[in-house]
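S.K.:
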Amino acid sequence: MTPFDTETSRRYALQHFPDICQPRPENSHKGTFGTVAVIGGSKGMTGAALLAAEAALYGGCGKVMVGLEHYPPPVHHARLELMADDAVSVSAGSADVWVLGCGLAETDRAAALLAPVCRRADALVLDAGALNLLAKQALPLPDVGQTVRVLTPHPGEAARLLKSSVDAVEQNRVWAARELSSRHQAWVVLKGHESVIASAQGFLRINRSGNAGLATAGSGDVLAGLIGSLLAQGIAVEQAIAASVWLHGVAAEWLAARQTGPIGLLAGELPVAIRWLRNRLVSTAGNAA
Numbered sequence: 591m592t593p594f595d596t597e598t599s600r601r602y603a604l605q606h607f608p609d610i611c612q613p614r615p616e617n618s619h620k621g622t623f624g625t626v627a628v629i630g631g632s633k634g635m636t637g638a639a640l641l642a643a644e645a646a647l648y649g650g651c652g653k654v655m656v657g658l659e660h661y662p663p664p665v666h667h668a669r670l671e672l673m674a675d676d677a678v679s680v681s682a683g684s685a686d687v688w689v690l691g692c693g694l695a696e697t698d699r700a701a702a703l704l705a706p707v708c709r710r711a712d713a714l715v716l717d718a719g720a721l722n723l724l725a726k727q728a729l730p731l732p733d734v735g736q737t738v739r740v741l742t743p744h745p746g747e748a749a750r751l752l753k754s755s756v757d758a759v760e761q762n763r764v765w766a767a768r769e770l771s772s773r774h775q776a777w778v779v780l781k782g783h784e785s786v787i788a789s790a791q792g793f794l795r796i797n798r799s800g801n802a803g804l805a806t807a808g809s810g811d812v813l814a815g816l817i818g819s820l821l822a823q824g825i826a827v828e829q830a831i832a833a834s835v836w837l838h839g840v841a842a843e844w845l846a847a848r849q850t851g852p853i854g855l856l857a858g859e860l861p862v863a864i865r866w867l868r869n870r871l872v873s874t875a876g877n878a879a
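Residue numbers (this note's numbering): 591 to 879.
1) At the level of alpha carbons, what is the spacing between Ile853 and Ala802?
2) In terms of residue numbering, what span does the alpha helix (DSSP H) encompassing Gly815 cover?
3) Answer with buried or exposed for Asn797, where buried requires no fewer than 16 other C-beta atoms within 10 angstroms of its C-beta.
4) In the DSSP assignment, what are the bridge partners of Leu751?
5) What are the start and end residues of each continuous beta strand (DSSP E) run of 3 or more residues lying completely inside the region 608-659, in chain order?
6) Could you tell me if Gln880 is buried or exposed, where buried requires 16 or more neighbouring beta carbons within 10 angstroms of its beta carbon?
7) Using the Cα positions of Glu747 and Ser873, report the straight-line distance between them to the nearest angstrom.
8) May I have a chain-ordered list of the beta strand (DSSP E) segments no shorter than 3 residues that lie completely inside the region 736-790?
9) Mind reading off the beta-carbon distance from Ala814 to Val689? Whole number of angstroms is fine, and I expect it under 8 Å.
10) Could you pull out every residue in the same chain whose Cβ sits closer than 6 Å to the Cβ of Ala879, ignoring the five residues on either side in sequence?
11) Gly691 to Thr625, Cα distance in whole Å?
12) Going by DSSP, which residues form a beta bridge with Leu690?
13) By the DSSP assignment, the alpha helix (DSSP H) with Leu794 in it spans what residues?
14) If you follow the alpha helix (DSSP H) that Ala677 is part of, which residue opens it and which one closes it?
15) Looking only at DSSP bridge pairs, what is Ala674 linked to?
16) Name the residue from Leu855, Arg763, Ala846 and Arg868 whose alpha carbon lies nearest to the alpha carbon of Phe594.
17) Hey, how far is the Cα of Gly876 from the Cα of Arg870?
18) Excluding five sequence neighbours on each side, which residues of the same chain lie with their C-beta closer than 7 Å to the C-beta of Ser806?
19) Hey, could you find the ends of the alpha helix (DSSP H) Thr806 is sitting in?
20) On the premise that Val740 lies in contact with Val715, defined as a C-beta separation below 8 Å, what is that separation, rounded to the nearest angstrom?
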């Protein structure tokens with residue numbers, strides 16, 4: 591078994607994402623670390639929204655609500671800490687960050703459900719079904735400057751948003767991410783091998799962490815939930831997004847080092863690894879101080 595190089599990960603995080611390495615104050619409470627709301631989970635895809643919600647919890651935010659379009663879900667979710675309800679009820683509430691689209695069908699009903707949230711949210715993470723609705727111009731977005739918006743497309747979704755082809759996206763991934771960020775005035779995470787992170791303000795990072803174990807159903811939902819979680823905790827936007835992508839990849843590396851994957855790695859195994867990593871990073875920061 592190849593050992594996991596914790597020290598190298600510690601040094602990298604302290605250099606690039608110092609905000610995720612800070613210890614928590616003793617007098618903190620769940621409100622200190624923000625509320626994430628996940629809206630998604632159409633019939634046959636409720637697991638996607640639950641994965642995103644679970645990842646947000648393990649990522650460290652204070653509270654997670656998950657609104658399922660298909661409610662009650664046909665599958666049991668073991669995380670009793672999740673505040674699960676129907677999507678209409680949850681979308682009428684409030685949250686610090688909204689993660690929209692995981693496991694959501696591309697229907698008029700879904701668009702009507704998400705539209706009011708998109709108009710009033712302070713921070714949005716758009717994934718999966720929400721991206722496809724955006725490509726159809728079925729979702730409004732707030733005026734520039736009023737919200738933090740993050741798009742997390744895989745190459746197929748990026749191609750639809752750009753009215754292009756998957757081949758064109760894959761042949762020039764940096765161009766695709768930058769073009770999407772410019773068109774939508776958003777942060778973009780173009781997923782895939784060496785995910786590309788770009789912003790409309792010129793930020794660009796190519797992520798090197800991860801392995802082939804991430805090529806599994808639900809992996810992207812975990813990433814969307816994690817991004818929402820770090821944003822809700824008040825971590826600087828450029829660090830929260832880039833750190834989420836990095837942590838997601840390093841979690842897969844840690845699991846493979848423990849002989850869990852890359853073949854057969856399950857998306858539901860990633861959140862526990864992410865929690866372990868974050869706590870190691872925080873311990874290191876405290877020791878360094």
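Glycine included, each C-beta is placed from N, C-alpha and C at the ideal position.
M.R.: In short:
1) Reading the sequence shown from its first residue, position 263 is the one you call residue 853. Reading the sequence shown from its first residue, position 212 is the one you call residue 802. It is roughly 8 Å from the alpha-carbon of Ile853 to the alpha-carbon of Ala802.
2) Counting from 1 along the sequence shown, the entry for residue 815 is found at position 225. Looking at the DSSP string, the run of the alpha helix (DSSP H) that includes Gly815 is Ser809 to Ala822.
3) As a position in the sequence shown, residue 797 is number 207, starting the count at 1. By the neighbour-count criterion, in which a residue is buried when 16 or more other Cβ atoms sit within 10 angstroms of its Cβ, Asn797 is buried.
4) Position 161 of the sequence shown holds residue 751. Paired residues: none, contrary to the question.
5) 625-630 and 653-658
6) The requested residue 880 is not part of the displayed model; the chain covers only 591 to 879.
7) Position 157 of the sequence shown, counted from the start, is the residue given in the question as residue 747. Position 283 of the sequence shown, counted from the start, is the residue given in the question as residue 873. Those two C-alpha atoms are separated by around 38 Å.
8) Every beta strand (DSSP E) stretch that sits fully inside the region 736-790 and reaches 3 residues is listed by chain position as 738-741, 777-780 and 786-788.
9) Numbered from 1 along the sequence shown, position 224 holds the residue referred to as residue 814. Numbered from 1 along the sequence shown, position 99 holds the residue referred to as residue 689. Contact flag correct, Cβ pair sits at about 5 Å.
10) Within the sequence shown, numbered from 1, the residue matching residue 879 stands at position 289. Per-residue confidence for Ala879 stands at a pLDDT of 39, beneath the threshold of 50, marking its modelled position as unreliable; the derived number appears in the next sentence. Answer for Ala879: no residue qualifies.
11) As a working note, residue 691 is residue 101 in the sequence shown. As a working note, residue 625 is residue 35 in the sequence shown. The C-alpha of Gly691 lies about 17 Å from the C-alpha of Thr625.
12) Working through the sequence shown from its first residue, we reach residue 690 at position 100. Answer by DSSP bridge pairing, in chain order: Ile629 and Leu716.
13) The residue given as residue 794 occupies position 204 in the sequence shown. Boundaries around Leu794 are those of the beta strand (DSSP E), Leu794 to Ile796, since no alpha helix (DSSP H) includes it.
14) Locating residue 677 in the sequence shown gives position 87, where the first residue counts as 1. Run containing Ala677: Ala677 to Ser681, per the alpha helix (DSSP H) assignment.
15) For this step, residue 674 is matched to residue 84 along the sequence shown. DSSP, once it has assigned bridges, lists Val656 as partnering Ala674.
16) As a working mapping, residue 594 is identified with position 4 in the sequence shown. Of the listed residues, the one whose Cα sits closest to Phe594 is Ala846.
17) In the sequence shown, the residue the question calls residue 876 occupies position 286. In the sequence shown, the residue the question calls residue 870 occupies position 280. No answer about Gly876 holds up, because its pLDDT of 49 lies below 50 and its placement is not dependable.
18) As a first step, residue 806 must be located in the sequence shown, where it is residue number 216. A small fix is needed here, since residue 806 is Thr in this sequence, not Ser. Within the same chain, Thr806 has close Cβ partners Leu855, Leu856 and Ala857.
19) For the purposes of this step, residue 806 is taken as residue 216 along the sequence shown, with counting starting at 1. Per DSSP, Thr806 is not a residue of any alpha helix (DSSP H), being assigned neither H nor E.
20) Residue numbering aside, residue 715 sits at position 125 when the sequence shown is read from its first letter. Residue numbering aside, residue 740 sits at position 150 when the sequence shown is read from its first letter. Confirmed, about 5 Å.
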